[in-house]
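According to the UniProt record's numbering, the residues represented by the sequence shown are 1 to 304, in order.
Using N, Cα and C, we set each Cβ at its ideal position, and we do this for glycine too.
Nothing here was measured: the structure is a model prediction, and the numbers come from that model.
Worksheet: the structure to be examined is printed underneath.
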Amino acid sequence: MEALHDVGIIGGGPAGLNAALMLGRARKTVVVVDEDRPRNRVTHESHGFLTRDGITPSEFRRIAREQVTAYPSVRFVADRAVTITGTDGDFQITTAQGLAFRVKKLLFATGMKDAPLDIEGLIDVYGSSAFVCPYCDGWELRDQPLVLIANGAKAHHMAKILPGWSRQYTICTNGPDEWTDEQRNELRQHKVPFFDSPILRIDSQDGKVQQVVLEDGSEIACTGIFFAPTLVPGSDLPEAIGCQITETGAVLVDSFGKTNVPGVYSAGDSASAAYQLIAAAAAGALTAVTINSELLEAAWNNEI
Ligand SMILES: Cc1cc2nc3c(=O)[nH]c(=O)nc-3n(C[C@H](O)[C@H](O)[C@H](O)COP(=O)(O)OP(=O)(O)OC[C@H]3O[C@@H](n4cnc5c(N)ncnc54)[C@H](O)[C@@H]3O)c2cc1C
């Protein structure tokens with residue numbers, strides 16, 4: 001077992017790496033453990049992060065890792081954290097490759113995972129012409145014929161948002177719709193076409209969607225898809241160590257990134273539904289400031 005590090009960060013996406021950057025600059029000893037399975041890895045381009053618009057997710061991370069590890073007190077470990085034990089001031093992280101680290105404070109920046117929808121052909125277009133967020137990928141599909149695969153309140157919400165990018169869109173609920181009468185009437189008033197027949201398959205060529213085929217025989221031609229994925233936590237370690245989890249699977253944190261477990265923090269997609277690279281990075285940076293302040297306060301009081 002190694003010397004006690006100040007902070008252990010599980011997850012090396014924008015949240016974890018921006019936290020590491022702040023902590024490295026604050027001269028804290030940091031170990032970042034990351035298995036490199038970011039949520040956006042299927043996409044070819046990331047958008048909306050100032051100075052990095054259009055970058056590939058892997059290049060974004062490469063630059064971030066390079067900048068973060070330039071600080072000598074930050075260590076990056078390409079591995080999966082499998083267990084966490086201990087308490088505030090002395091946590092132990094063990095990894096799949098059998099490494100072990102001791103850390104005073106623990107930050108979960110473990111993200112979320114999109115559970116794939118069970119629709120034939122979706123995997124062939126996901127990240128190329130089927131996406132989850134119009135803020136991330138709507139510009140590239142502007143004014144194009146789109147299909148929105150969603151149901152219930154999510155579909156109703158997206159129906160209001162999508163016209164910002166394209167007015168030509170059709171909703172496929174992929175089974176009986178779950179709208180209230182009011183929501184259904186609203187969609188009719190706005191002349192939004194919708195189908196509730198289950199989806200048979202998605203036809204595409206070279207990652208470009210061509211049409212969505214329904215079980216009732218309808219064929220909806222389109223060049224882009226937005227769909228509502230089912231999200232699951234990127235890691236079950238926060239829950240295993242006693243962190244409270246919200247109904248949506250996020251780690252419950254206060255506005256400083258603190259969980260209910262002393263010495264344990266969370267930032268980024270794992271703790272917020274903002275679901276943007278820049279929001280995750282900002283949350284990581286701000287949570288790092290909280291962690292650093294608490295370490296300095298404890299040192300001032302001779303507690304740690
Ligand atoms: C298809 C798609 C496209 C997107 N496009 C954009 C876009 O263009 N612009 C934008 O702003 N946002 C985009 N997003 C959202 C963006 O990907 C997330 O908001 C962002 O990645 C969240 O950052 P994070 O650091 O919280 O988590 P992530 O980037 O998901 O990183 C979490 C990391 O933690 C690691 N990890 C988890 N558990 C463990 C463990 N036990 N041990 C070690 N490592 C672990 C994971 O492997 C991963 O590397 C997109 C999302 C999707 C699904």
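The DSSP-derived three-state label of residue 123 is helix.
If you check the CB distance, residue 104 and residue 232 do not come in under 8 Å. Contiguous alpha helix (DSSP H) elements confined to the region 227-260 occur at 237-240, taking only those with 4 or more residues.
For residue 269, the shortest separation between its Cβ and any heavy atom of ligand 1 lies below 7 Å. When C-beta atoms of the region 147-163 are compared with those of the region 47-55, fewer than three pairs fall below 8 Å, so the two segments do not count as touching. Here the region 252-261 makes contact with the region 275-289; the two share three or more CB pairs at distances below 8 Å. Taking 7 Å as the cut-off, one finds at least one heavy atom of ligand 1 near enough to the beta carbon of residue 10. In the structure shown, residue 270 adopts helical secondary structure according to DSSP, grouped into three states.
A residue is called buried when at least 16 other Cβ atoms come within 10 angstroms of its Cβ; residue 61 meets this threshold and is buried.
Going by C-alpha positions, residue 132 is about 48 Å away from residue 302. In this structure, residue 291 lies near residue 7, with their beta-carbon atoms less than 8 Å apart.
The three-state secondary structure of residue 91, taken from DSSP, is strand. Less than 8 Å divides the Cβ of residue 39 from the Cβ of residue 111. Within a 10 Å sphere around the beta-carbon of residue 260 sit fewer than 16 other beta-carbons, which makes this residue exposed.
Cβ-Cβ distances below 6 Å link residue 10 to 33, 81, 108 and 110 in the same chain, with the five nearest sequence neighbours on each side left out; the list follows chain order.
Take residue 178, set aside five residues on each side of it, and the residues of its chain with a beta-carbon closer than 7 Å to its own are 151 and 152, in chain order. Considering only 121, 5 and 84, the residue with the shortest C-alpha distance to residue 203 is 121. Here DSSP, grouped into helix, strand and coil, assigns residue 60 to helix. Residue 161 is positioned such that its CB atom lies no closer than 8 Å to that of residue 192.
Around residue 21, the same chain offers 67 and 68 as residues with beta carbons nearer than 7 Å, after the five sequence neighbours per side are excluded. If you ignore the 5 residues before and after residue 12, its C-beta comes within less than 6 Å of the C-beta of 32 and 34, all in its own chain and listed in chain order. With 16 or more other Cβ atoms from the protein chains shown falling within 10 Å of its own Cβ, residue 271 counts as buried. Taken through DSSP and simplified to helix, strand or coil, residue 35 comes out as coil.
When DSSP states are grouped into helix, strand and coil, residue 205 belongs to the strand group.
With 16 or more other CB atoms across the displayed protein chains lying within 10 angstroms of its CB, residue 106 is buried.
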